[in-house]
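What follows is a set of notes on a single structure, which appears directly below.
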Amino acid sequence: MKWATLLLALAALGLAQAPKTAQEVDAVFPEARTLYVDLHQNPELSSHETQTAAKLANHLRSLGYDVTEHVGGTGIVAILKNGRGPTIMLRTELDALPVEEKTALPYASKVHAKDDAGRDVPVMHACGHDLHMAALFGTAAVMAHSRDTWHGTLMLIGQPAEESISGAKKMIEDGLLTRFPKPDVGVALHVANDFPAGMVAVTPGYSHASADSLRITIYGKGGHGATPQNTIDPVVIAARTVLALQTIVSREVKPGEAAVVTVGYIQAGTKDNIIPDQAELGLTVRTYKPEVRKQILAAIARITRAEADAAGVQREPSIEQYEATDAVYNDPALARRLRSTLETTLGKENVATAKPMMVSEDYSFFIEQGIPSFYFSLGGADPAKYAEAKIAGTKLPTDHSPLFAPDVDPALHTAITAEVAVLRNLLSSQ
Ligand SMILES: [Zn+2]
Ligand SMILES: [Zn+2]
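Heads up: the sequence shown begins at 47 in the working numbering, then just goes up one per residue.
This is the structure in structure tokens:
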């Protein structure tokens, strides 16, 4: 009898839980949505997110968070201590992209700015970081208004320069994990049109690939286009190198291992009748496993040198690795636990399993620092358009597209609901 009563009480509690969260989210939603529109209309490029950071910092301060600005450039850290317990980090990015918005939305961005090379470029939140910030603010508000539902330390961070894969590293170098409590667990989410709004998706294990950006310079010997016998043509070497590099994944990497080698640009020469003295290749390399990454980088160096050697160059090619980030790895036990929390909160049918992606994320720098993490996906597609596209076999505009336009109301509502559920779960144990 006692057990039955307890079970009934627990069931009632469970039933009461869901509508309570919905009401809490509804209460903060209008302000979060207003912030979203403001951020969307005022995007800023990577490492230049000054107004964005200030806005978010002020919003979090008004909720009672202890906010520190200028962490690793324009980064912000907002702490809310609520008794003993673990420290849980929730991260949003701050930056937008040099993309011209073509969504025709009433609040579409018309912003232009100077990029780091001094060029005038259009700017758009084409990666949905505005949605992530608005969600983080909404979540911050719910958590601040319900301190009786959790205990521990909530650490919210606004990270600059995700798109240039540099902001996370800069925040860490500026003392993110020494000036502030070191998080026991980190959480982040990303919106995409892969799922309809209202849904989230979880990927246990690797979720994003490692990325390495390489610049290869092949040194030949320039001269007249009509006298190739007096030159060493770097254009021909570059062409052979590009093709040979494509044998790495197809011939050297074990079938089934995920890997990409892309030569994104070739630059050489100025005129048809001049053989230039050098050629430059730009590469991106994506993998999940560190050993595959090592194998590919070594093969690129070997093939590049050997092709140049075969042409008889007098100077070895230079290979510079100018950007690099590890793969994002979702702790499997954590993913299992939080998936079940999300299923309880959003309904089992609204939690999907997503395949690992070959795109990259500098969130991996936090994982590299020993912070077990849960990085999940948020559905952004208008459910009706998503269904139409599925039937037609077409794809909705992806992140980074000038047409990327998440279905804000359900996506933002779901993001806040999901983040609150995940944080409460993590801040109720230990
Ligand atoms: Zn992006
Ligand atoms: Zn992004």
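We put the CB at the ideal spot given by N, CA and C, even for glycine.
Each of Ala257, Asn239, Leu235 was checked against the Cα of aspartate 372, and the nearest Cα belongs to Ala257.
For leucine 260, the uninterrupted beta strand (DSSP E) segment begins and ends at 256-265. Listed in chain order, the non-local C-beta contacts of valine 233 below 6 Å within the same chain comprise Leu136, Phe420, Val468, local neighbours out to five positions each way being set aside. Taking 3 residues as the shortest admissible run, the region 352-398 contains the following complete beta strand (DSSP E) segments, listed from N- to C-terminal end: 364-371, 374-376.
Not one heavy atom of ligand 2 is found less than 8 Å from the C-beta of glutamate 90. Residue ranges of uninterrupted beta strand (DSSP E) with 3 or more members, entirely inside the region 204-290 and ordered along the chain, are 231-242, 246-248, 251-254, 256-265. According to the DSSP assignment, proline 168 belongs to the beta strand (DSSP E) that extends over 166-168. Here the distance from the Cβ of glycine 213 to the nearest heavy atom of ligand 2 is not below 8 Å.
Glycine 131 places its beta carbon less than 9 Å from that of glycine 198. Relative to the non-hydrogen atoms of ligand 2, the Cβ of glutamate 407 comes within a distance shorter than 8 Å of at least one.
For tyrosine 432, the uninterrupted alpha helix (DSSP H) run begins and ends at 429-438, by DSSP.
For threonine 444, no beta strand (DSSP E) run applies, since DSSP gives it neither H nor E. For phenylalanine 411 and threonine 133, the gap between their C-alpha atoms comes out near 18 Å. C-alpha of aspartate 161 to C-alpha of isoleucine 264: approximately 28 Å in a straight line. In this structure, the CA atom of alanine 427 is about 11 Å from the CA atom of aspartate 455.
Across the set Glu208, Thr149, Gln87, the C-alpha of Glu208 shows the shortest separation from the C-alpha of aspartate 408. By the neighbour-count definition (other C-beta atoms within 10 Å, threshold 16), aspartate 240 is a buried residue. Inter-residue distance for threonine 387 and valine 309 is about 42 Å (C-alpha atoms, whole angstroms). Counting only beta-carbon distances shorter than 6 Å to the non-hydrogen atoms of ligand 1, the qualifying residues in chain order are Cys173, Glu209, Asp445, His446. In this structure, Thr333 is the residue among Thr333, Pro452, Gln367 with its C-alpha nearest to the C-alpha of proline 402. In the DSSP assignment, methionine 135 falls within the unbroken beta strand (DSSP E) covering 133-139. The beta carbons of lysine 148 and proline 448 sit closer together than 9 Å. In terms of Cα proximity to phenylalanine 450, the closest of Met217, Thr98, Leu143 is Leu143. Going by C-alpha positions, threonine 316 is about 20 Å away from threonine 287. Proximity to lysine 228 across Val237, Gly213, Leu200, Val246 peaks at Leu200, based on C-alpha coordinates. Not one heavy atom of ligand 2 sits closer than 8 Å to the Cβ of histidine 94. With a cutoff of 8 Å, histidine 105 does not count as near ligand 2, since its C-beta is closer than that to no heavy atom of the ligand. Between the alpha carbons of glutamine 313 and arginine 351 lies a distance of about 18 Å.
Bounds of the beta strand (DSSP E) holding asparagine 128 are 121-128.
With respect to the C-alpha of glutamine 275, the residue from Ser253, Pro76, Gly358 having the closest C-alpha is Gly358. In this structure, the C-beta of glutamate 147 stays at least 8 Å away from each heavy atom of ligand 2. Under DSSP, alanine 187 takes part in no beta bridge, so it has no partner. Counting along the chain, the unbroken beta strand (DSSP E) around lysine 160 starts and ends at 158-160. Under the Cβ criterion (8 Å, minimum of three pairs), the region 376-396 does not count as touching the region 204-220. Contact holds between the region 76-91 and the region 176-194, because three or more Cβ pairs, one in each stretch, are under 8 Å apart.
The closest heavy atom of ligand 2 lies less than 8 Å from the beta carbon of histidine 175.
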